[in-house]
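Beneath this line is the structure, given in structure tokens, with notes to follow.
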Amino acid sequence: NAGVTQTPKFRILKIGQSMTLQCAQDMNHNYMYWYRQDPGMGLKLIYYSVGAGITDKGEVPNGYNVSRSTTEDFPLRLELAAPSQTSVYFCASSRRQGENTEAFFGQGTRLTVV
Amino acid sequence: AQSVTQLGSHVSVSEGALVLLRCNYSSSVPPYLFWYVQYPNQGLQLLLKYTTGATLVKGINGFEAEFKKSETSFHLTKPSAHMSDAAEYFCAVMGSGSARQLTFGSGTQLTVLP
Numbered sequence: 001n002a003g004v005t006q007t008p009k010f011r012i013l014k015i016g017q018s019m020t021l022q023c024a025q026d027m028n029h030n031y032m033y034w035y036r037q038d039p040g041m042g043l044k045l046i047y048y049s050v051g052a053g054i055t056d057k058g059e060v061p062n063g064y065n066v067s068r069s070t071t072e073d074f075p076l077r078l079e080l081a082a083p084s085q086t087s088v089y090f091c092a093s094s095r096r097q098g099e100n101t102e103a104f105f106g107q108g109t110r111l112t113v114v
Numbered sequence: 115a116q117s118v119t120q121l122g123s124h125v126s127v128s129e130g131a132l133v134l135l136r137c138n139y140s141s142s143v144p145p146y147l148f149w150y151v152q153y154p155n156q157g158l159q160l161l162l163k164y165t166t167g168a169t170l171v172k173g174i175n176g177f178e179a180e181f182k183k184s185e186t187s188f189h190l191t192k193p194s195a196h197m198s199d200a201a202e203y204f205c206a207v208m209g210s211g212s213a214r215q216l217t218f219g220s221g222t223q224l225t226v227l228p
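Going down the list, the sequences are from chains V and B. Sequential numbering from 1 applies to the first sequence in the working numbering. Sequential numbering from 115 applies to the second sequence in the working numbering.
Here it is as structure tokens:
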């Protein structure tokens, strides 16, 4: 199984440009998440989804949008890129419930806004 | 709401020495606790987790952690450090809501000296 796949791995954007970070999982997980990682700050939750058609804001949603039209895919959209969005972005997924719940992470997308 | 505090953003140990990475949490409900490891330019990999039951949890690569409710701690240990243990380590607590999102600590960079 591929697990959680993120594309692209690296991207440089100019201020004001837009882009979509792709995330796909093949584990039939209902829960999916987008985090950003900044040095010394750990990971902060941007958006999450508990199932197809359902999304909600996390701790740092400003400047981002998401959609969840299928169980497998959870793209993250940046409409007007700003330097503050320079970060490493991680997508994750997990099963619905149970004590064996754990989050599986993609390899990350390193985004630089210049 | 839950939060995680990792004491020490950088820890250095000699090869063969004890590894101790500290994590304290706050949670209004019995927590699910996790330790993740991140190698350079990689995603996060689960080391171990505590959900219910035995408070001493064993994980991969010889790591273990003990859940101490009275101290609200979940410190990570390994008896003998190996060069390959050099990485960043994140402690996380899982939310009690339906979304089960993780709240991460700020991370501890472990350096292993020869």
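Think of the CB as a built atom: it goes at the ideal place given N, C-alpha and C, for glycine as much as any other residue.
Quiz prompt | Which listed residue (SER123/B, LEU135/B and GLU129/B) has its alpha carbon closest to that of PHE177/B | solution = For the purposes of this step, residue 177/B is taken as residue 63 along the second sequence, with counting starting at 1. Out of SER123/B, LEU135/B and GLU129/B, LEU135/B has the C-alpha closest to the C-alpha of PHE177/B.
Quiz item: Opposite GLN118/V in the DSSP bridges: which residues?
Solution: Past the boundaries of the shown model lies residue 118/V; chain V is included only from 1 to 114, so the question cannot be answered.
Self-check item: Own chain partners of GLU59/V with C-beta closer than 7 Å, once the 5 adjacent residues on each side are dropped
Solution: By one-based count along the first sequence, residue 59/V stands at place 59. Closer than 7 Å at the Cβ level, and outside the excluded window around GLU59/V, lie LYS44 and LEU45.
Practice problem: Can you give me, in chain order, the residues of the stretch 41-61 of chain V that have a beta carbon less than 9 Å from any beta carbon in chain B? | Solution: MET41, GLY42, LEU43, LYS44, LEU45, TYR48, SER49, VAL50, ASP56, GLY58 and GLU59
Quiz item: By a C-beta neighbour count over all protein chains shown, 10 Å radius and 16 as the cutoff for buried, is LYS222/B buried or exposed?
Solution: As a first step, residue 222/B must be located in the second sequence, where it is residue number 108. The displayed chain sequence assigns Thr, not Lys, to residue 222/B. Classification for THR222/B: buried.
Quiz item: Mind checking whether SER117/B and THR191/B have CB atoms under 8 Å apart?
Solution: Position 3 of the second sequence, counted from the start, is the residue given in the question as residue 117/B. Position 77 of the second sequence, counted from the start, is the residue given in the question as residue 191/B. No, the pair does not count as a contact, with Cβ atoms beyond the cut-off.
Quiz item: Are VAL88/V and GLY108/V close, meaning C-beta to C-beta below 8 Å?
Solution: Within the first sequence, residue 88/V is the residue found at index 88, counting from 1. Within the first sequence, residue 108/V is the residue found at index 108, counting from 1. A contact, by the Cβ cut-off of 8 Å.
Practice problem: Identify every residue that forms a DSSP beta bridge with ARG11/V. | Solution: Along the first sequence, one-based indexing puts residue 11/V at 11. Answer is LEU111/V.
Quiz item: Which runs of the beta strand (DSSP E) spanning at least 3 residues fall entirely within the stretch 143-226 of chain B, listed in chain order?
Solution: 146-152, 158-164, 170-172, 178-182, 187-192, 201-208 and 216-218
Quiz item: In three-state terms, what does DSSP make of SER84/V?
Solution: Numbered from 1 along the first sequence, position 84 holds the residue referred to as residue 84/V. Note: SER84/V maps to helix in three-state DSSP.
Quiz prompt | Cutoff 6 Å; reference ARG186/B; Cβ partners in own chain excluding five residues on either side | solution = Stepping through the second sequence from its first residue, residue 186/B is reached at position 72. Residue identity differs from the one stated: residue 186/B is Thr in this sequence, not Arg. Cβ neighbours of THR186/B beyond the five flanking positions: ASN138 and TYR139.
Quiz prompt | 9 Å Cβ cut-off: residues of chain B touching THR86/V | solution = The residue labelled residue 86/V in the question sits at position 86 within the first sequence. Here the premise fails: no neighbours, minimum Cβ distance about 16 Å.
Exercise. Go through its chain and collect everything with a Cβ distance to PHE181/B's Cβ below 6 Å, but skip five positions before and after it.
Key: Counting from one through the second sequence, the residue named residue 181/B turns up at place 67. Taken in chain order, the residues that qualify are TYR164, THR169 and PHE188.
Exercise. List the residues that DSSP assigns as beta-bridge partners of HIS29/V.
Key: By 1-based counting over the first sequence, the position of residue 29/V is 29. The partner list for HIS29/V (beta bridge, DSSP) is empty, contrary to what the question assumes.
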